[in-house]
Each structure stands twice: as structure tokens, then as C-alpha cells.
Amino acid sequence: MADTHSEADLAFVRETMLAQKEPPITETGALKWMRQNLFSGWVNAILTVLALAAIYWILSHILPWIFRGIWDAGSLNECREIRNATYGEGVDAACFAVISDRWQQLLFGFYPRELYWRPILAFVLFFVAVAPVLFDKLPRKMLWFTAISPFILFFLLWGGTIWGPLSVAFGFVIAWACIRFLSGPVGTLGATLAAFILPILYWLFLAGLLARELGNIAPIGLEPVDSKDFGGFMLSFVIGVTGIILSLPLGILLALGRQSDLFLINKMSVGFIELIRGVPLIVWLFTASLLLNYFLPPGTNFDIMLRVIIMVTLFSAAYIAEVVRGGLAALPKGQYEAADALGLDYWQSMQLIVLPQALKISIPGIVSTFIGLFKDTTLVVFIGLLDPIGLSNSIRATTDWNGIYWELFVFIGVLFWIFCFSMSRYSMYLERKLTREHR
Amino acid sequence: MTAFDTELEIDRSQMKVTDEVAVQIVKMNKWFGTFHVLRDIDLTVYRGERIVIAGPSGSGKSTLIRCINRLEEHQSGKIVVDGTELSSDLKNIDKVRSEVGMCFQHFNLFPHLTILENCTLAPIWVRKTPKKEAEETAMHFLEKVKIPEQADKYPGQLSGGQQQRVAIARSLCMRPRIMLFDEPTSALDPEMIKEVLDTMIELAQEGMTMLCVTHEMGFARQVANRVIFMDQGQIVEQNEPEEFFNNPKSDRTKLFLSQILGH
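If you read the protein sequences in the order shown, they are chains S and A.
Sequential numbering of the first sequence, starting at 22, is according to the working numbering.
Sequential numbering of the second sequence, starting at 22, is according to the working numbering.
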């Protein structure tokens, strides 16, 4: 290239650095926002107007239906009479009276009315128990309550003798004692094995006997409530929450198993995940309710709720495993190598380095799996459990409320939405918090 | 190259090579699938040595030092580190890894932990050092690499050079007897290379046994006591830096040196 510039053109030296200036007025404020987001061009302006019209049209139909709602009536016919008297024939008005009449049933199923305080107390205690897990600003001592809460909650919900949950809890004490006192004499591996085997033997052969004997000596307890009386939102909540809590650790273990170099563990994890994921949940629920009885010894009465909880847990664990595997794969190889190079062993590097990061990446996926699981609990209606949907069917079957659909489904929908939306908000809070901490 | 255009003042009083063997590699071979990456490697490293391993990319130099703490597994031959032979025995591997420090090209700090936590993690969990003591040690080494004021920040908030110095401090907290450097300055901006090399020189002056894979020929010339040139998975030439740079013997070495020192 020919050099056409003289040297004087090329030389430049900046003497003073430029200070930062405010942007022009038209580039800030609400006007700018509207122009940019709603009316940035002809097409967008038309779309904005159309969208506003659609929103107006929908709300103008739904809102009057809700606000004219009739809350005080004994049956659907009564509702219609009130509506005709107040608004005139053929006007849309919701009949929420069905909810004021039957809300206890929708929430608690056939749980004895005089014992409602127990699930309510359990519900409150549950939130006390999970709070320190969800928010790390709360005092760590609260985790002790979290640790014993499963037994308290079980005792409150099902009642019976207090020795049942206590003798089950004692199994965990045995496991702890094995680790604590046997590690010295027989080594870590031996102690871990003992901590697995001894409690299981104890639960299988001794726990029941112990609970019965202690119950005879000191009959302390609450009035027992059978699983078949559980119903309504409480049933969904118990199944959903237990499934969520159990499936997370199981899913993580499966994900690690699928990444493992150990042939058997790897293939077993893959097989389990693919088998569970490849079959619809409803099939697994039918298996739980019908087929399992064929495999169990005759006469064993394996609680139906427990069976459903196990199936739901396994089902969502398989999904969690795949979500977590995504997180594990997204982690740079250097993180594994740095942990290895420092001399951390497998479990240490998983616990301290790999999982905290992999789980953080997987939070959105994990939470949407949980939300899915929570809503899928409504499928238990097909195996005869009375979840809210099942109850809405039986409420509709009564002469008083024959023919009522929308109001019940709106109520059930709102209940589920509150919990699912809270989970989703919590996951966003957690993501924001972790990003802020880690950068 | 850039950082070492001028002669540095290096205190050589502590830099002594002893006749105690730190690492011994005998007839070591490694394959990636069917590709023969390392071929018949024989190398004895004495305590106090500062070895620079150079060579074109793909020559197996990173793989070689990664075999020393078994981030890569060798398939035949023998590697003895500090008297412990590397085999598939996990106990030996963990023992060697806690004695051998390593710095990576991309630092590999743990982004979810603060700088201080990065440094105290391994001492607390592997060495079972009490937390307070581990923190004191960590602060000592962070001062040594000249970033104690960053202790409570997260790795993502630091510059590349600072991160690499933290990575060095993190390794030192385990009080290693041997340090491995896998291209520690290759991912850094030129402005930051010097601060990392200064830290490495300081380590060398204290008598640390070091194996560095690096393209910093200035560092090799002035700090190393031995330069190893590798190509196609083999050690082609090794010599004292003076001889290596001024009087290379093999044609391959001459070509390599002319290519990287040509400008």
C-alpha cells in the first residue's frame, strides 16, 4: 500500500483523558422503555394493541364470573336460584359455595374431623423443619429439629403408639453408634458395612417387637388414623413432599453411579434410570397398587401410601439423575483434576468440589422435576386414592353438587399453583444467591 | 521470552541440587487408545532440581508431568515419587498427590469457594489440620504470593495472574516436596506473566524441586538447572540451559529453538 499520509497526519498524542458524560435525555425513562419495548415499529405496535385486546377479552369474561361468585348456598340448585334472583337468568356467576361447603374434605379427605389439628400442626412443623435447609441464615441448631422431624411428623399424621417411630429412629442411633465406635477396631469400611447391615436387621426383626412390647408396658400414643382415610390436598402434599425429599439424594447417587468407572455400578444405574424413565408413571402406580401384592408373601399388608411414595420417589429420582448428570457434564474437567491433584479422595471431591457446582447448574432442572412430581401426585386418583381430583369426583357424585366442575378445579388448581409457584420462586432466589456468592 | 529480556537478580545460595532422588521414571510408556504418547521415558529428578520441559505442542510434555501425580495413568514402566511407587493402589496415589503440588494452565481454582477456602480445603480435609491453623498457613502463603488482601474474594473477581498465584499458594499450603507446573503462564496476558514467574523464581530460590512445562525460555535459561526437550513422546535432548540454548546437539532441537527464538 502506498504511503499517502504525511507523518504529521499519523502522529497523535492524547493530553487529557475524557470524563464520563450523562446519556441524552431521550435515552432514559418510561417513554424510552415504552418506545423500545411496546412500539418500536409498526408491526410491534399492532401486536401490542392486539395483545391488549386479547387480555381485555379474556379478563372481561373471567373476572365477572369470579366476582359475582356465590359463596353461601347448600347445593348447586340453590346457587342457581340465588344467581337468578340477584343477576337475572343466564348470567355467568361462579358457585363457590361448593368450596365453603366441602373445603375440609378437599384439604383433608376423610381424616377424622376432630383430629384436624394434627395435620395442621404437622404442616406448620414441616415448614419449621425445612426452613434451616432452605435458608442458611437461620441458626444451624435448628437442623437438629429437622433431623428428628420425620418421626414427629409421621407420629402426628398416622398416630398410633409413640414407640413405633421411636423404635424406627433407634435404628439410626445404631447406625451412628457403628460409625462412631467401630471405626477404630474394625476400620472405616467395616464400620460402614455394620452401619448398613445392623440397622436393617434390627428394623426387620426387632423394631416391630420392641415397639409392641414397649407399647404394652407404657401405652403412650395418639389415636391411629389409617392411610385409607388420608385424602385431599394433604395426601398430595405428603406423597409429593416425601417423594421430593427422598428422590434428591437417590437421584444424585444414580447420577454419580452413571458417571462411575466401576462397570457394575455404572450399568446398574443406567439400567435403572432407563427402565424407570421409559415407562409411564401411571403404569408404575398400577404396579405399586396391584402387582406388588403378587410378589410379596401372602398376608403382608404393605401400606398403599408407602408403595405409592416409593414408586413416585424412584420415578422422580431417575429424572433427577439425568438432570444432575447434565450438571456434572457441564463442569470443566479441570475441577475434577484440581481436586485429584490436591489429594482429595472420591467422596471428598464430590462433596466439596463437584456436587456443589454441578447442583448449582442443575437447580432449574431439579426444581422443574420436583414441580412435575408434585403435580403428578394427582395421578394416584387412578389407583383409588382420594387426592383432590378424586374427591372432586366424589363431591360431584352427590345430589347436592351434581354437575359442578369449574369451581372445584379452580380451587384445586390454585392450591397446586401456590406451592409450585413458591418452589419456582425459591429456585430463582437460590440461583441468584449462589451467583452472587460465586460470581 | 518477553518477561526475561533483561538479566534478573537471582539469589542462588539456596538453589542446590542434592543427590537425593525425588522422582524416578524408568522405561515408562503411555498410550491414549492406540496412540503412543510417551515412549520409553527415563528420567531421574534429584531434590532441589529446577527442570524445564520444552517441546512442540503434542510432544507429550504435559502428559509426562501429569503422569507424575497420576492424573494420567501410565501403562508400562515404573514411576517412583518420593519413595512411593505409583500403581493402581489408591492409597499410594493419594499419598503421592498430597506430597506433589500442581499448577495448571487454566488455574482450576474452585469458583464456589473464597480464595482462603480454596487454600484451606485440602489441608483441612486431607491433612486433617485444624481450621484455624490451616487458615494461618494459608494467609502465610497468600502473603508470600503477595495477595493476602484478596483472601475473602472469589476466584472470579481476580485477574488471571492473581488467580495463578492463588493456585500456587493453594498447592504450597499442602507443604509439597515437589511442584509441577503445567504451562502456568500460557493462558495469561503478557502483563501478568511476570508476576507469576516472579513467584516461581521465589520458590526456586527456596530450594523447591520443580518440574515446569513452559514456553518461557528466559525462565528456562535463568532459573532451570536442566532443560529437557521432548518431541513425539520422547526425550530428544537434555542439558544445562547454557549448553542447551547455545549449543543444541540434535537437529530437531535446533529447529525448535530457531522457531521460538527467531523473532
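Each residue gets a CB set at the ideal place from its N, CA and C atoms; glycine is no exception.
Beta carbon of residue i, beta carbon of residue j: below 8 Å?
| i | j | result |
| --- | --- | --- |
| residue 241 of chain S | residue 183 of chain S | yes |
| residue 128 of chain A | residue 139 of chain A | no |
| residue 394 of chain S | residue 333 of chain S | yes |
| residue 232 of chain A | residue 114 of chain A | no |
| residue 222 of chain A | residue 31 of chain A | yes |
| residue 229 of chain A | residue 182 of chain A | no |
| residue 197 of chain A | residue 136 of chain A | no |
| residue 204 of chain S | residue 232 of chain S | no |
| residue 461 of chain S | residue 391 of chain S | Past the edges of chain S, shown from 22 to 460, lies residue 461 of chain S, and the structure says nothing about it. |
| residue 190 of chain S | residue 200 of chain S | no |
| residue 199 of chain A | residue 120 of chain A | yes |
| residue 172 of chain S | residue 153 of chain S | no |
| residue 362 of chain S | residue 294 of chain S | no |
| residue 166 of chain A | residue 186 of chain A | yes |
| residue 412 of chain S | residue 235 of chain S | no |
| residue 180 of chain A | residue 123 of chain A | no |
| residue 151 of chain S | residue 306 of chain S | no |
| residue 65 of chain S | residue 73 of chain S | no |
| residue 133 of chain S | residue 254 of chain S | no |
Listing by chain order, which chain B residues have their CB less than 8 Å from the CB of residue i?
| i | result |
| --- | --- |
| residue 119 of chain A | Given the protein chain composition of this structure (S and A), no chain B is represented. |
In the DSSP assignment, find the beta strand (DSSP E) that holds residue i and state where it starts and stops.
| i | result |
| --- | --- |
| residue 261 of chain A | Segment: none, residue 261 of chain A is in no beta strand (DSSP E) and carries neither H nor E. |
| residue 202 of chain A | 199 to 203 |
| residue 230 of chain A | 230 to 234 |
| residue 6 of chain S | No answer is possible for residue 6 of chain S: it lies beyond the span of chain S, which begins at 22 and ends at 460. |
| residue 75 of chain A | 71 to 75 |
Indicate, with yes or no, if the ligand ATP has a heavy atom lying under 7 Å from the CB of residue i.
| i | result |
| --- | --- |
| residue 155 of chain A | Among the ligands in the structure shown, none appear at all, so the ligand ATP cannot be discussed. |
So, with DSSP's three-state summary, where would you put residue i?
| i | result |
| --- | --- |
| residue 51 of chain A | strand |
| residue 122 of chain A | strand |
| residue 457 of chain S | helix |
| residue 93 of chain A | coil |
| residue 22 of chain A | Note that residue 22 of chain A has pLDDT 44, beneath the 50 cutoff, so the model's placement of it is unreliable and the number below is only indicative. Three-state DSSP puts residue 22 of chain A in coil, outside helix and strand. |
| residue 162 of chain S | coil |
| residue 148 of chain S | helix |
| residue 194 of chain A | coil |
| residue 10 of chain A | The first residue shown for chain A is 22 and the last is 284, placing residue 10 of chain A beyond what the model contains. |
| residue 38 of chain S | coil |
| residue 251 of chain A | strand |
| residue 399 of chain S | helix |
| residue 237 of chain A | coil |
| residue 178 of chain A | helix |
| residue 288 of chain S | helix |
| residue 417 of chain S | helix |
| residue 290 of chain A | The question about residue 290 of chain A has no answer, for chain A in this structure spans 22 to 284. |
| residue 181 of chain S | strand |
| residue 114 of chain A | helix |
| residue 35 of chain A | coil |
| residue 242 of chain S | strand |
| residue 187 of chain A | helix |
| residue 164 of chain A | helix |
| residue 86 of chain A | helix |
If residue i and residue j are in contact, beta carbons under 8 Å, what's the gap, nearest whole angstrom?
| i | j | result |
| --- | --- | --- |
| residue 206 of chain A | residue 224 of chain A | Wrong, their Cβ atoms sit about 14 Å apart, outside the cutoff. |
| residue 163 of chain A | residue 188 of chain A | Not really, about 12 Å apart at Cβ, beyond 8 Å. |
| residue 257 of chain A | residue 235 of chain A | That pair is no contact at about 17 Å. |
| residue 180 of chain S | residue 407 of chain S | Going by Cβ atoms, the distance from residue 180 of chain S to residue 407 of chain S rounds to 19 Å, so no, they are not a contact pair. |
| residue 176 of chain S | residue 243 of chain S | 7 Å |
How would you write the range of the alpha helix (DSSP H) that residue i sits in, first residue to last?
| i | result |
| --- | --- |
| residue 67 of chain A | No alpha helix (DSSP H) holds residue 67 of chain A; the beta strand (DSSP E) holding it covers 56 to 67. |
| residue 71 of chain S | 63 to 88 |
| residue 122 of chain S | 118 to 129 |
| residue 483 of chain S | Past the edges of chain S, shown from 22 to 460, lies residue 483 of chain S, and the structure says nothing about it. |
| residue 103 of chain S | 97 to 107 |
| residue 276 of chain S | 253 to 280 |
| residue 212 of chain A | 211 to 226 |
| residue 358 of chain S | 354 to 362 |
| residue 373 of chain S | Counting along the chain, residue 373 of chain S falls outside any alpha helix (DSSP H), and DSSP gives it neither H nor E. |
| residue 425 of chain S | It is not in any alpha helix (DSSP H) - residue 425 of chain S carries neither H nor E in the DSSP assignment. |
| residue 134 of chain S | Per DSSP, residue 134 of chain S belongs to no alpha helix (DSSP H) and is neither H nor E. |
inquiry  = With a threshold of 8 Å, are at least 3 pairs of Cβ atoms found where one atom belongs to the stretch 426 to 436 of chain S and the other to the stretch 112 to 127 of chain S?
reply    = yes
key: Three CB pairs or more closer than 8 Å across the stretch 241 to 261 of chain A and the stretch 69 to 88 of chain A   = yes
task = Report yes or no: do three or more beta-carbon pairs, one from the stretch 30 to 44 of chain A and one from the stretch 63 to 71 of chain A, lie closer than 8 Å?
result = yes
inquiry  = Could you check whether the stretch 80 to 100 of chain S touches the stretch 108 to 116 of chain S, counting it as contact only if at least three pairs of C-beta atoms, one from each stretch, sit closer than 8 Å?
reply    = yes
ask   = Is it a yes or a no for the stretch 129 to 144 of chain S touching the stretch 248 to 264 of chain S, going by three-plus beta-carbon pairs under 8 Å?
value = yes
inquiry  = Would the stretch 45 to 61 of chain A count as touching the stretch 95 to 113 of chain A if we require 3 or more Cβ pairs under 8 Å?
reply    = yes
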